[in-house]
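Every position in the first sequence, counted from 1, becomes a number in our numbering once 213 is added. Take a look at the structure below.
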Amino acid sequence: MRPLIRELVASGVVGEAAEAQGWVRSVRHSKGVSFIDLVDGSSMAGIQVVANPELPGYEEVVRKLGTGCAIEVQGALTESPGKGQRVELAATSIDLIGGVEDDYPLQKKRHGFEFLRTIAHLRPRTNTLAAVFRVRNEAAAAIHEFFRENGFVWLHAPIITSSDAEGAGEMFRVSTFEPGSAPKTEAGETDWSQDFFGRETHLTVSGQLEAEIGALSMSRVYTFGPTFRAENSNTARHLAEFWMVEPELAFCDLDGLAELCESFLKHVLGRILERCSEDMDFFDQRIDKGVRARIEHVVSSPFERMTYTEAISRLEQADRDFEFPVSWGVDLQSEHERHLTEEVVGRPLVVTDYPESIKAFYMYRNDDGKTVRALDVLVPRIGEIVGGSQREHREGVLRERMAASDLDPERYWWYLDLRRHGSVPHAGFGLGFERVVQFVTGMANIRDVIPFPRVPGSAEF
RNA sequence: UCCCCGGUAGCUCAGCUGGUAGAGCAAGCGGCUGUUAACCGCUGGGUCGCAGGUUCGAGUCCUGCCCGGGGAGCCA
214 MRPLIRELVA
224 SGVVGEAAEA
234 QGWVRSVRHS
244 KGVSFIDLVD
254 GSSMAGIQVV
264 ANPELPGYEE
274 VVRKLGTGCA
284 IEVQGALTES
294 PGKGQRVELA
304 ATSIDLIGGV
314 EDDYPLQKKR
324 HGFEFLRTIA
334 HLRPRTNTLA
344 AVFRVRNEAA
354 AAIHEFFREN
364 GFVWLHAPII
374 TSSDAEGAGE
384 MFRVSTFEPG
394 SAPKTEAGET
404 DWSQDFFGRE
414 THLTVSGQLE
424 AEIGALSMSR
434 VYTFGPTFRA
444 ENSNTARHLA
454 EFWMVEPELA
464 FCDLDGLAEL
474 CESFLKHVLG
484 RILERCSEDM
494 DFFDQRIDKG
504 VRARIEHVVS
514 SPFERMTYTE
524 AISRLEQADR
534 DFEFPVSWGV
544 DLQSEHERHL
554 TEEVVGRPLV
564 VTDYPESIKA
574 FYMYRNDDGK
584 TVRALDVLVP
594 RIGEIVGGSQ
604 REHREGVLRE
614 RMAASDLDPE
624 RYWWYLDLRR
634 HGSVPHAGFG
644 LGFERVVQFV
654 TGMANIRDVI
664 PFPRVPGSAE
674 F
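Okay, structure coming up:
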């Protein structure tokens with residue numbers, strides 16, 4: 214394969230023959246020379262192609278090039294006399310591979326992200342979206358890398374599931390029944406036993422329960438894949454389809470989990486700073502001033518720890534009014550979380566041991582009988598970025614909790630079975646992948662950090 | 001789902017207390033000896049989201065609907 218433009222720009226040798234293929238970002242003509250800014254998506258910086266009027270086809274091809282045209286250039290790398298680039302490509306031939314029509318919507322100026330979402334098939338050609346997707350790719354790679362280096366097995370949790378992780382939200386139904394003509398039982402209800410899987414099935418809302426199966430056999434596993442929520446939530450932080458990372462460890466308690474969260478986040482963010490430096494400069498300058506320092510701060514600061522009970526008393530002492538009043542037993546709102554991480558400690562904060570009443574049934578009950586071993590990792594500006602818990606591995610307590618939550622033990626027979634045979638303390642957390650990408654890039658809307666966003670009322674592309 | 005804000009040229013927007021629609025960029029044409037989102041000149045381009053209403057007259061005021069954005073809740 215020929216070098217990408219990124220490689221030519223970074224390490225191309227002056228004087229050597231070179232070729233480049235890509236899309237024209239902008240063209241600047243003057244009487245005796247034309248400059249073409251050519252990009253191929255491999256880096257923020259493109260290569261400057263210099264075309265002289267003596268070039269074959271200059272009038273017919275080069276003078277007619279516009280933003281978006283796909284071309285192939287042969288030539289030689291030369292030292293650039295102009296500012297802004299180390300080398301440039303002095304063309305000896307330029308071939309038009311694919312032209313653009315007059316209504317090509319992308320221009321060499323900035324567009325609103327709202328408009329770009331309506332042309333999701335073309336928006337990765339913009340600086341910003343290409344940079345986002347490069348960072349997204351490095352983040353995914355860094356996640357796999359961290360887990361591999363630490364002995365975790367990537368467990369492929371099912372997308373179609375018949376279990377529902379309680380409290381995780383509304384689900385999308387999976388069925389082959391034709392709308393309106395589903396078979397009915399004698400009682401007049403839909404007869405799911407005749408459906409494709411012989412029962413009700415949905416798209417997964419979490420791979421956690423399956424991950425627990427993995428942890429209780431392979432010690433350390435993680436899931437990383439698409440997850441679905443049919444919630445009608447219309448915000449800059451929610452998607453109906455998103456990617457979730459869920460590690461699960463056997464022989465691990467809440468302290469061990471907190472340590473994992475910290476080293477995991479530091480690894481992933483650190484790798485992005487290292488490997489996407491040019492893109493991070495762009496985000497820092499053009500998208501969210503200060504984002505780079507914020508990420509560096511998370512990578513270099515030890516995370517603070519605090520129990521929920523302590524957090525509540527710190528909030529009660531706070532010299533400010535909250536929209537939602539604080540008292541022991543209420544769930545923390547985003548304003549509370551941000552106050553804690555930004556004002557009280559000024560760095561990432563792990564809040565632990567929440568009231569049992571506001572957390573899920575599968576979280577380990579503390580000896581005090583009123584709190585559970587749950588944790589949230591809070592970071593400045595975003596608030597909660599990770600949520601996790603030590604799991605209830607004692608069958609008796611788990612049954613009690615399920616009964617209190619009005620859950621049918623029959624449906625969770627295999628989950629309970631794990632507590633009957635070789636049960637051990639185990640713990641895990643869940644992390645919304647797009648939220649991490651949002652956090653590191655500073656992008657304001659989650660719809661702009663995933664190539665094809667699915668949200669209520671919208672699934673084009 | 002709730003609360004706010006918005007919808008004017010292909011894009012980004014301006015358009016005051018109602019008087020018959022404008023800029024920059026893009027597109028087309030021309031110019032300019034090396035540019036950096038180049039620059040300069042000319043040209044074309046609009047059922048002002050949709051439907052009603054008030055008025056001599058509505059982009060502007062009123063009502064309803066549709067779509068989008070921001071915030072909140074829920075959460076990841």
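Glycine included, each C-beta is placed from N, C-alpha and C at the ideal position. Keep in mind it's a predicted model, so treat the numbers as computed, not measured.
Determine the direct distance from the alpha carbon of residue j to that of residue i, and round the result to whole angstroms.
| i | j | result |
| --- | --- | --- |
| Ser224 | Ala231 | 12 Å |
| Lys244 | Arg336 | 33 Å |
| Thr331 | Phe385 | 24 Å |
| Met576 | Asp466 | 11 Å |
| Pro593 | Leu342 | 24 Å |
| Leu620 | Trp405 | 20 Å |
| Phe535 | Glu548 | 7 Å |
| Ala352 | Val610 | 38 Å |
| Thr291 | Gly254 | 22 Å |
| Arg518 | Ile595 | 18 Å |
| Leu631 | Ile426 | 7 Å |
| Met214 | Ser419 | 40 Å |
| Pro460 | Arg238 | 41 Å |
| Leu416 | Pro568 | 30 Å |
| Arg241 | Glu391 | 57 Å |
| Arg607 | Gly542 | 24 Å |
| Gln320 | Gly281 | 8 Å |
Given residue i, which residues of its chain have a CB within under 8 Å of its CB, disregarding the five upstream and five downstream residues?
| i | result |
| --- | --- |
| Asp580 | none |
| Phe665 | Ala333 and Phe674 |
| Ser540 | Ile525 and Glu529 |
| Ile485 | Val348, Glu351, Ala352, Ala355, Met493, Ile508 and Val653 |
| Ser375 | Phe410, Arg412, Glu413, Thr414 and His415 |
Quick check on DSSP: helix, strand or coil for residue i?
| i | result |
| --- | --- |
| Ser671 | strand |
| Ala573 | coil |
| Gly609 | helix |
| Lys244 | coil |
| Gln234 | strand |
| Ala353 | helix |
| His552 | helix |
| Gln407 | helix |
| Tyr521 | helix |
| Ser419 | coil |
| Ile373 | strand |
| Ser239 | strand |
| Arg215 | coil |
| Asp581 | coil |
| Arg533 | coil |
| Val275 | helix |
| Leu302 | strand |
Span of the beta strand (DSSP E) holding residue i?
| i | result |
| --- | --- |
| Gln261 | Ile260 to Ala264 |
| Val564 | Leu562 to Pro568 |
| Arg507 | Note, Arg507: premise wrong, no beta strand (DSSP E); alpha helix (DSSP H) at Val504 to Ser513. |
| Ala283 | Ala283 to Glu292 |
| Glu597 | Gly596 to Gln603 |
| Leu718 | No information on residue 718 is available, as it lies outside the stretch 214 to 674 that the chain covers here. |
| Phe437 | Arg433 to Phe441 |
| Glu444 | No beta strand (DSSP E) contains Glu444, which DSSP labels as neither H nor E. |
| Ala463 | Glu454 to Ala463 |
Sort the options by Cα distance to residue i and report the nearest one.
| i | options | result |
| --- | --- | --- |
| Ile372 | Val481, Thr414 and Trp627 | Thr414 |
| Glu301 | Leu473, Ala233 and Leu562 | Ala233 |
| Phe181 | Met257, Gly228, Gly279 and Pro269 | The structure shown does not extend to residue 181, since the chain spans only 214 to 674, so no value can be given for it. |
| Glu423 | Gln261, Gly643 and Gly582 | Gly643 |
| Ser490 | Val345, Glu273 and Asp630 | Val345 |
| His510 | Arg527, His357 and Thr554 | Thr554 |
| Phe455 | Ser306, Gly235 and Glu647 | Glu647 |
| Ser565 | Thr403, Leu268, Val590 and Val662 | Checking the displayed sequence, the identity of residue 565 turns out to be Thr instead of Ser. Cα-wise, what sits closest to Thr565 is Val590. |
| Arg533 | Glu556, Ala370, Pro638 and Ala395 | Glu556 |
Spatial neighbours of residue i within its chain, please: C-beta separation below 6 Å, excluding the five flanking residues on both sides.
| i | result |
| --- | --- |
| Arg179 | The question about residue 179 has no answer, for the chain in this structure spans 214 to 674. |
| Phe496 | Val504, Thr654 and Gly655 |
| Phe516 | Glu475, Pro561 and Val563 |
| Asp501 | Gly655 |
With respect to the alpha helix (DSSP H) encompassing residue i, which residues constitute its N-terminal and C-terminal limits?
| i | result |
| --- | --- |
| Leu588 | Careful: Leu588 lies outside any alpha helix (DSSP H), inside the beta strand (DSSP E) at Thr584 to Val592. |
| Trp626 | Trp626 to Arg633 |
| Ala471 | Leu467 to Arg488 |
| Ser224 | Ile218 to Ser224 |
| Phe328 | Phe326 to Arg330 |
If I measure Cβ to Cβ from residue i and keep anything under 7 Å in the same chain, skipping five residues before and after, which residues do I get?
| i | result |
| --- | --- |
| Phe359 | Phe477, His480 and Val481 |
| Ala640 | Leu462, Cys465, Asp466, Leu467, Gly469, Leu470, Gly601, Ser602, Gln603 and Arg604 |
| Ser158 | For the chain, the structure presents residues 214 to 674; residue 158 sits outside this window and is missing. |
| Pro669 | Asn445, Asn447 and Ala453 |
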